[in-house]
Structure formats: structure tokens, C-alpha cells
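Number of protein chains: 2
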Amino acid sequence: MHAPIVKHITNHISPSQDDLQLFNSVLTQVSVSKGQFLLKSGTHVKHQYFVVKGCLKAYYLDDKGNSHIIQFAVENWWIGDFEAFFNQTPAKLYIEAIEDAHLLSVSYDNLQKIYDQAPIYERYFRLLLTKAFIAQSKRILSSQEKNTKERYLEFCASYPLIEDRVPNYDIANYLGVTPENLSRVRRLIKS
Amino acid sequence: MHAPIVKHITNHISPSQDDLQLFNSVLTQVSVSKGQFLLKSGTHVKHQYFVVKGCLKAYYLDDKGNSHIIQFAVENWWIGDFEAFFNQTPAKLYIEAIEDAHLLSVSYDNLQKIYDQAPIYERYFRLLLTKAFIAQSKRILSSQEKNTKERYLEFCASYPLIEDRVPNYDIANYLGVTPENLSRVRRLIKS
DNA sequence: CAATATCATTGATGTAAGTCAATTAAGATA
DNA sequence: TATCTTAATTGACTTACATCAATGATATTG
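For the record, the sequence lines run as chains V and R.
This note's numbering puts the first residue of the first sequence at 10, with every later residue one more than the last.
This note's numbering puts the first residue of the second sequence at 10, with every later residue one more than the last.
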């Protein structure tokens, strides 16, 4: 049994031992070292990933070649190209390790099997999605009502585990501002 | 049986007649006329709403008194203060009818009951949430990589049913720009 | 059908953040 | 530890969009 994910699951739902056993039976261990890719745009998305150890980023490359970080992930976060996984269409995202990482993966087919055999996992992912949806709503609101300084402080407060593990230019990218602008904002905050 | 919502449900899952009967049994009809509120910030959020007829907006009022439209809803959309409903905390949103509207409501307690009695509805809402989550991701990306003109065109293409039923200042607000700016952008598009 | 809000448009000006270019600081590698 | 690479900072300048103020166009209502 993979302790970290079991804990994450039981924090959200109350599965039977059999349910837990079932989920564990389909997990595969994956490792990526810093700078390597867990997923590349254009490829088939077979898995979603749970982070046991390490730090990763998911980003999108637009028509102009600019990257846009969608999500960071550290210990006990799920990461993947959610849309491509759900629709089983080619990946639009790159997922890259910012630190050496150790993950657990679950495949699309196995997940469908699990939903049918243990419907409690419908609830697990419904709850995760609900929380992710709410977090996203806040990100949209924040980008509309707040300036860069406020958004940066909010980011540091919300993701203290991430702030020190990720370069500033990645944080700037996530916030949708330039590294230059974030640098100036950080100077203002310090003084 | 309420035909529109039955159709919406069966577009996503395959419930038994009993499952459908159960869901229908907890629905309540609600009507609001244009300009009236379905929900106000600070109140207890008992329900989520399915739009049978009409058009509504959900918005947030920030510290500075500025409003931010989170969501529009027309026929066959769900609307509500999702976060407050899920956490059963006081509403942060206002939901106001842009047109006279006719809705179906489901209460928090009844929804929990339904989840337990007919787990297939866990799947229904998981699927809805997944789609909403993906749509939100696109909204975040769009606001980062595109200018006002591109975002406005994208909005019109994505929500043709909404574009003509909502005043321009509401669309501007949803896009996070001023009505003046949207007006100028629309002029550029026409010429 | 006036009278009166409400909404959309236009112009003039201000500002936060972007861009481009150079410099300094910090990490990585040999 | 010296070298090379990558990241962060700073300055000068540009730009998209906001703000403020006025006017023109639609609705709404007595």
C-alpha cells in the first residue's frame, strides 16, 4: 500500500479495505529527474499522476511560442493534462519536473474500471474536482480585482510550500506577468 | 417529470427510472423576474439551480465595491454559489436575473441524500464539474495570452446564446475590461 | 408620445505593466 | 576554485487599457 495516497484518499472519503486495495493495485510508480518531462504536448495522455515527492509544473505553449504555467504540483497533489485525459485527446500541456520527482500514476482505463467497481471513487474525484474548481475561480477573480503585488503576496500565502521551490520567473509566468515586473514588485515589498 | 433536466441528466449518465424519479422528487420550481435576485451575498446557500428558461448572472462584489461577473447562465445550465453551497458557508455571490427566469432547485440536504441513495449522481456531477473545470482553465489561459479583441471574439463564438441576451457592460465585466474599452474594440471589429 | 433613465460611444489623459537592452548575482560544471 | 551558464535586477522607453468627462442612442415609463 502506498501510504501518502492512502492518506490523501481517506482524508476525503471512507473506503473499505477492499476499495483501498483495488485502488492501490492499479498504481504504478514513476520517477522523473529535474528538467525531464512527464508529458509532452501532442502525445497520448494515458495517466494522471499523484506526487509522492518532488515539484513539477504543467504549462501550455501558445501560438506565439509563449508558455503559460497552468499548475504547480508538490507532495500530495494530483497533476496531469486534465482535459486531454478526460476527453482522451492529444495532450496540449507539457509537464516538467522542477525537482527530481517520484509519482504514482493511474491509467485512464483503470480509472474507468475503478469508477464502476468502487463508485466511492466517483466521490473522491468529485470532491477533488470541486476543490480545484473553487481554487480556479479564486484565481480568475484574483487576476481581475488585484494588481501584481497583491497577487504575488496572495500566491506566497496560499502556496508557501511552492514559493521557495520554484524560480521567480515561473511564479511570474503563473501569475501572468513578466519576470521584470515581478522583480520590481518584490523590491517594493521588501522596502 | 421535468423534461429539460431529465434530458440534461441522460445526456451525461444512464440512470434507471427509479433514479430519475428520485432526482425529480426533490426538485422545486422557482421563478425570478428580471432584475430580481435568486441569491444575495451573506445569506445561507441552500440550493443549486438549473435554468429551465431565462438568463442570469452570478457576480462578486469586492472590497472596493467593484463587481465581477463569474458566470452567466441560460437554458440547461446549472448556476449557484458553488463554493458556499459546497462548504455550507455564507454566500459570497449575488445571482441576479437578466431576463425573467424559471428554474429548478435542489437543496444541499437532498443532494447529499441523492448521492447516498443513487451514486450515479456522483458521476453526473463529477462530469459536470469536469467540464466546468476545463472551461475555467480555458478562461484563465485566454485572459493571459489574448488581448481584449481576441477574448471578445472568443466569447461570442463560445456563447452565441448569451451574447445577444446580455448588455455589453456585463460582457465587458465578465471579460475583465471596461465598457469603454469593449466599445472601442467592437468598433474596430466592425470596420 | 414626451420625459427620463439607462446604456453605448467617443475624446483626452493617466498609469500599470510590457518590451528591449544591459548589468549584476547566483548556480552549475569542469 | 575558476569558468560558464542561467536567473534576477535595473533602466529607458512603449503600449494597452483604465479613468474621467461629455455626448449620443436606446429603452422604459408616466
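A virtual CB, placed ideally from N, CA and C, is assigned to each residue, including glycine.
As the structure is a prediction and not an experimental result, all values here were calculated from the model.
Going by the CB atoms, is the gap between residue j and residue i shorter than 8 Å?
{"i": "Arg174(R)", "j": "Val60(R)", "result": "no"}
{"i": "Gly185(R)", "j": "Ser152(R)", "result": "yes"}
{"i": "Asn85(R)", "j": "Pro13(R)", "result": "yes"}
{"i": "Tyr130(R)", "j": "Phe46(R)", "result": "no"}
{"i": "Leu65(V)", "j": "Glu105(V)", "result": "yes"}
{"i": "Gln97(R)", "j": "Tyr117(R)", "result": "yes"}
{"i": "Leu137(R)", "j": "Trp87(R)", "result": "yes"}
{"i": "Ile149(V)", "j": "Arg196(R)", "result": "no"}
{"i": "Arg135(R)", "j": "Phe134(V)", "result": "yes"}
{"i": "Ile180(V)", "j": "Leu191(V)", "result": "yes"}
{"i": "Phe94(R)", "j": "Phe142(V)", "result": "no"}
{"i": "Leu29(V)", "j": "Val15(V)", "result": "yes"}
{"i": "Arg132(V)", "j": "Ile18(V)", "result": "no"}
Going along chain V in order, which residues have a C-beta closer than 9 Å to the C-beta of residue i?
{"i": "Arg148(R)", "result": "Gln145, Ile149"}
{"i": "Pro128(R)", "result": "Pro128, Ile129, Glu131, Arg132"}
Taking C-alpha atoms, which residue in the options lies nearest to residue i?
{"i": "Ser114(R)", "options": "Val39(R), Glu159(R), Ser192(R)", "result": "Val39(R)"}
{"i": "Ile79(V)", "options": "Tyr168(V), Thr157(V), Gln145(V)", "result": "Gln145(V)"}
{"i": "Glu172(R)", "options": "Asn20(R), Phe81(R), Ser25(R), Ser34(R)", "result": "Phe81(R)"}
{"i": "Asp109(R)", "options": "Gly63(R), Asn75(R), His21(R), Thr37(R)", "result": "Gly63(R)"}
{"i": "Lys158(R)", "options": "Pro169(R), Lys199(R), Arg135(R)", "result": "Lys199(R)"}
{"i": "Gln26(R)", "options": "Val41(R), His17(R), Met10(R), Ala100(R)", "result": "Met10(R)"}
{"i": "Gln57(V)", "options": "Lys49(V), Val41(V), Gly89(V)", "result": "Gly89(V)"}
{"i": "Glu92(R)", "options": "Val54(R), Arg196(R), Asn75(R), Arg160(R)", "result": "Val54(R)"}
{"i": "Val35(V)", "options": "Ile22(V), Ala127(V), Lys101(V)", "result": "Ala127(V)"}
{"i": "Ser76(V)", "options": "Asn182(V), Arg193(V), Lys155(V)", "result": "Asn182(V)"}
{"i": "Thr37(V)", "options": "His111(V), Ser23(V), Lys140(V), Lys122(V)", "result": "His111(V)"}
{"i": "Gly51(R)", "options": "Tyr68(R), Ala100(R), Ile18(R), Thr19(R)", "result": "Ala100(R)"}
{"i": "Tyr103(V)", "options": "Gly74(V), Arg132(V), Tyr68(V)", "result": "Tyr68(V)"}
{"i": "Glu154(R)", "options": "Tyr168(V), Lys49(V), Lys73(V), Pro24(V)", "result": "Lys73(V)"}
{"i": "Ile107(R)", "options": "Lys122(R), Asn156(R), Lys140(R), Tyr178(R)", "result": "Tyr178(R)"}
{"i": "Asn156(R)", "options": "Arg193(R), Asn20(R), Tyr168(R), Thr139(R)", "result": "Arg193(R)"}
Going along chain V, which residues have a C-beta under 7 Å from residue i?
{"i": "Glu154(R)", "result": "Asp71, Asn75, His77"}
{"i": "Gly185(R)", "result": "Gln153"}
Give me the chain V residues within the contact set of residue i, using Cβ-Cβ distance strictly less than 8 Å, ordered along the chain.
{"i": "Thr139(R)", "result": "Phe91, Phe95, Leu138"}
Find the residues of chain R that neighbour residue i, judging by a C-beta separation of less than 7 Å, and give them in chain order.
{"i": "Arg135(V)", "result": "Glu131, Phe134, Arg135, Leu138"}
{"i": "Phe59(V)", "result": "Chain R residues near Phe59(V): none, gap ~18 Å exceeds 7 Å."}
Residues of chain R with a CB under 8 Å from the CB of residue i: which are they?
{"i": "Phe142(V)", "result": "Phe91, Leu138, Ala141, Phe142, Gln145"}
Quick check: is any heavy atom of the ligand ATP less than 7 Å from the C-beta of residue i?
{"i": "Leu136(R)", "result": "Among the components of this structure there are no ligands whatsoever, and the ligand ATP is therefore not found."}
Any 3 or more C-beta pairs closer than 8 Å across the segment 41-57 of chain R and the segment 152-167 of chain V: In short, these stretches do not touch, since the Cβ pair count stays below three.
3 or more residues per run - each beta strand (DSSP E) lying fully within the segment 44-124 of chain V: Counting only runs of at least 3 residues, the segment 44-124 of chain V fully encloses the following beta strand (DSSP E) elements, listed from N- to C-terminal order: 46-48, 56-62, 65-70, 76-82, 102-106, 110-116.
Continuous alpha helix (DSSP H) assignments of at least 4 residues falling wholly in the segment 125-168 of chain V: Those alpha helix (DSSP H) runs which fall completely within the segment 125-168 of chain V and span 4+ residues are 129-154, 157-167.
Start-end ranges of the alpha helix (DSSP H) lying completely within the segment 14-42 of chain R, minimum 4 residues: The segment 14-42 of chain R contains, as complete alpha helix (DSSP H) runs of 4+ residues, the segments 26-34 (chain order).
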